[in-house]
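> Please read through the structure below; I'll follow up with questions.
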Amino acid sequence: MDSVIGETTSTATNDNAELVQLAGQLATCNSDLSSRNPDTVTSMSPSVSAAQTAHNSCRNTQHQKKTDTATALQSLSTSVSNHADLPDTQAVESVESCIANFHAQDYFTNPDNAAEAVRCAATVRDYMSTFHDEAEPLLEGYETQKSALETQEATCNQAQASLESSFCTFRGELLVSCHALDQCFDDAKTLFDTSLAIIQQSNTSRHVAFRAAQQVKCYIQVLRQSQPTLADVEACDNAQPDDYDTSALTLHVPSPAAKAACVTSLVDDHPCETQWLADYYHGQAWYPTISPNTCTPCTTSAGELWTELTTTNSHPGARDAFGFTAHDSEASAFLFGGRDAAGNPLADMWKVTLVSGTAHVHWEEFSVSGGPASGRMGCTAEWTGSSVLILGGLDGGAPSSELWEFLPDSSSWKELATKPTGLSGHSAVWHAAAKTMFVFGGKTGAGSTNVLSKYDYQSDTWTDPSVSNPPPPRREHDAVLALDGSEEMLVFGGTSSESAAPGTLLNDLWAFLITGNSWRQITQQGAVPSQRYSLSAVWASPSHAMLMFGGRSTVHLNDLLEYDHASSTWSLIPTSGPEPQPRRLHGAAWISQAQVMIVYGGSDANRLQDLWQYRLPSAP
């Protein structure tokens with residue numbers, strides 16, 4: 001019985017240790033915040049301060065050069081004005097009159113007027129010589145000052161762009177850090193409170209079990225006596241709770257750390273907003289004479305542009321890790337496979353259609369047979385213009401190499417050329433003009449890969465072209481085809497390992513030039529997203545930009561960012577009102593007919609089944 005009592009007290013010790021550990025996780029949220037960029041939230045980052053100092057210094061120099069240029073121009077103008085009028089004592093008409101009348105006189109046919117012609121010519125010669133000698137150096141001086149001013153202005157415009165970009169980067173990092181802190185604390189506090197309630201409930205039962213064990217021990221000790229008495233038995237019967245030392249069962253509930261303040265007042269305004277312009281430009285000494293007419297905002301407000309969509313018919317239900325692709329000429333998208341709430345792989349095909357002018361959708365499940373023999377998790381889906389291509393995914397633990405084509409008009413499947421290597425967690429884009437699917441990265445049987453493959457739809461063949469400067473291997477990233485004439489596939493984020501440990505998460509951005517079979521890493525500007533995997537990305541044609549939503553870093557995310565490919569600049573889009581909860585392994589598609597992005601499912605602690613749409617601020 002002593003072992004039972006010992007085990008009971010041991011569970012109390014373990015529960016106390018667990019509470020300490022759970023409370024420590026809230027403190028870890030604070031320490032993680034301090035290790036993130038920016039490392040301080042109470043003062044502007046050194047990079048922004050340095051950029052502001054450099055910009056102001058540059059503009060002050062530009063202001064002086066503008067003054068010097070104006071002075072040089074005034075000197076030239078004065079010289080011209082001084083030579084425009086000749087002295088009244090001159091015996092001939094003004095130079096202007098002399099020149100104007102020279103061709104009308106008979107200076108050369110009438111010798112009496114020849115002397116007058118010579119005097120006129122001498123007047124013009126003297127005037128022009130004097131003017132040339134005085135004006136030429138003044139003109140050269142003005143042109144030199146003007147050229148220096150133009151060079152300085154170009155330099156300052158670059159400094160201005162650097163200031164705005166560094167501020168945007170700091171702003172994005174700060175907002176993401178604060179968001180991550182909120183998520184970290186919410187998750188840790190929920191876990192602490194839930195665990196505490198369970199432990200407190202079990203501790204009540206533990207006290208009962210402890211006293212019962214002590215009472216049984218008392219009876220055993222009586223039975224072991226050579227001459228037990230009724231009084232000894234009654235003493236065991238009448239033992240009170242306070243008769244036993246239960247101090248070892250006492251729960252010591254630690255006080256969780258308070259959430260560290262994450263002050264965002266430094267970035268409440270952002271470039272191009274009135275107060276920001278007043279602080280950084282309008283209030284500077286150089287501004288009255290130099291007014292920059294450009295400004296690159298690092299964010300726009302989405303307002304209440306997220307809308308949760310509803311349906312009255314059956315729908316795919318809670319799932320994640322599915323294939324999701326949009327129709328190009330209908331306000332609809334196709335969903336295939338994934339993993340259900342119990343973790344089982346799925347092989348069903350669905351179509352969702354937006355009901356115009358409403359917040360409703362219609363789901364339709366296709367009744368088909370003859371498709372993939374097993375479910376698929378981590379596959380990709382690409383619309384070809386008439387069919388859906390389903391590639392790879394996990395089918396029972398191993399990455400599949402199968403490529404299937406689903407034809408919605410006939411609700412039928414067709415198996416296409418098998419890819420040489422099985423994949424899951426990869427990315428794929430469809431190039432309509434070339435009728436080619438480009439596939440990158442993912443997980444093979446040997447681990448993460450960075451191979452780029454091409455599937456030619458017309459010949460039903462696979463090739464792995466020789467490429468230069470490929471990105472590091474990765475999985476659970478995402479990719480879009482930039483429809484801006486660049487012919488580039490953009491690849492962002494992911495993880496390089498099975499565990500998705502913090503040190504293996506990525507936030508680099510790469511572009512694959514389809515026409516040149518070459519990669520380049522993009523130097524990102526603005527509010528660069530945090531490291532993450534299992535995110536979603538779509539190409540939003542109206543803004544010529546990539547929209548990226550959610551994923552997971554150390555916590556699940558629901559931030560929305562826009563990447564402008566022309567300027568390589570990220571913007572964090574803050575939202576107000578309803579918005580999707582944080583998630584990963586969800587699906588997103590750009591519905592061109594409705595000019596919206598839709599987001600379905602995914603998972604946080606559980607699989608999700610909600611459907612949302614995001615409308616661009618400029619969209620009708």
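So for the sequence shown, the numbering used here puts the first residue at 1; every next one is plus one.
Backbone N, C-alpha and C fix where the C-beta goes; we use that ideal spot for every residue, glycine too.
So, for Glu487: in the same chain, excluding its five sequence neighbours on each side, which residues have a beta-carbon less than 7 Å away from its beta-carbon?
Leu513, Ile514, Thr515
> Since Ser534 contacts Glu476 with CB under 8 Å, what's their CB separation in whole angstroms?
5 Å
> In three-state terms, what does DSSP make of Pro254?
coil
> Alpha carbons only, please: which of Thr444, Thr358, Val451 is nearest the one belonging to Phe438?
Val451
> Measure the CB-CB distance between Ala479 and Val491 and report whether it falls below 8 Å.
In contact: Ala479 and Val491 (Cβ atoms closer than 8 Å).
> Considering only the beta carbon of each residue, do Ala381 and Phe336 sit closer than 8 Å?
yes
> Any idea what DSSP makes of Asn558, helix, strand or coil?
strand
> DSSP state of Lys66, grouped into three classes?
helix
> Are the beta-carbon atoms belonging to Arg607 and Arg319 less than 8 Å from one another?
yes
> Between Asp604 and the rest of its own chain, which residues show a CB-CB distance below 7 Å, the 5 nearest in sequence each way excluded?
His556, Gln581, Pro582, Arg583
> Grab the span of the alpha helix (DSSP H) containing Glu234 for me, first residue to last.
Run containing Glu234: 230-237, per the alpha helix (DSSP H) assignment.
> In whole angstroms, give me the CA-to-CA distance for Tyr614 and Leu73.
55 Å
> What did DSSP end up calling Pro420 once you bin it into helix, strand or coil?
coil
> What is the rounded straight-line gap between the Cα of His360 and the Cα of Val368?
26 Å
> Near Thr40, what residues of its chain come up, given a Cβ to Cβ distance below 7 Å and the 5 sequence neighbours on each side ignored?
Summary for Thr40: the model assigns pLDDT 49, below 50, so the residue's position carries little reliability, and this model does not support an answer.
> Can the beta-carbon of Ile591 be found closer than 8 Å to that of Leu277?
no
> Run the CB neighbour count on Asn238, radius 10 Å, all protein chains shown included, and call it buried at 16 or more, exposed below.
exposed
> Pull up the DSSP beta-bridge partners for Asp478, would you.
Phe492
> My understanding is that Arg376 touches Pro345, with C-beta atoms under 8 Å, so please give their C-beta distance in whole angstroms.
For a cut-off of 8 Å, the C-beta gap from Arg376 to Pro345 is around 6 Å, short enough to register as a contact.
> Could you tell me whether the Cβ atoms of Val589 and Phe549 are closer together than 8 Å?
Residue 589 is actually Ala in this sequence, not Val. It is not a contact, given that the beta carbons lie outside the stated cut-off.
> Assuming Cys379 contacts Gly370 under a Cβ cut-off of 8 Å, what Cβ separation, rounded to an integer in Å, is found between them?
Wrong, their Cβ atoms sit about 17 Å apart, outside the cutoff.
> Between the alpha carbons of Thr575 and Ser497, how many angstroms are there, rounded?
32 Å
> I need the DSSP call for Leu630, collapsed to helix, strand or coil.
Any question about residue 630 goes unanswered here, given that the chain covers just 1 to 620.
> Going by CA-CA distance only, name the one from Gly577, Leu19, Pro542, Ser530 that's closest to Leu561.
Ser530
> Just to check my reading of the structure: Phe406 and Val388 have Cβ atoms closer than 8 Å, yes? What is that Cβ distance to the nearest angstrom?
4 Å
> Helix or strand or just coil, what does DSSP make of Tyr244?
coil
> Among the residues of its own chain, which have a CB less than 6 Å from the CB of Ile290, if the five just before and after it don't count?
Closer than 6 Å at the Cβ level, and outside the excluded window around Ile290, lie Arg59, Gln62, His63.
> Taking the DSSP output, what are the residues bridged to Gly526?
BP columns for Gly526 point to Trp570.
> Since Thr463 and Lys454 are thought to touch, with beta carbons under 8 Å apart, how far apart are those beta carbons, to the nearest angstrom?
The C-beta separation of Thr463 from Lys454 comes to about 5 Å, placing the pair in contact by the 8 Å criterion.
> What are the uninterrupted segments assigned as beta strand (DSSP E) that are 3 or more residues long and contained completely in the segment 326-351, given in chain order?
332-340
> Output the distance between the C-alpha atoms of Asn203 and Arg224, rounded to the nearest integer angstrom.
31 Å
> Would you say Asp564 and Ala537 are within 8 Å of each other, going by their C-beta atoms?
no
> Please state whether the Cβ-Cβ distance between Gly442 and Ser459 is less than 8 Å.
Contact: no.
> Which residues in the same chain have their Cβ closer than 8 Å to the Cβ of Ile199, if we skip the five residues on either side of it in sequence?
Asp15, Glu18, Leu19, Leu251
> Can you tell me where the alpha helix (DSSP H) with Gln275 in it begins and where it stops?
It spans 274-277 - the alpha helix (DSSP H) in which Gln275 sits, taken as one unbroken run.
> Between the Cα of Asp52 and the Cα atoms of Leu163, Ser247, His207, which residue gives the shortest distance?
Position check: residue 52 holds Gln in this sequence, whereas Asp was assumed. Gln52 has its Cα closest to that of Leu163, out of Leu163, Ser247, His207.
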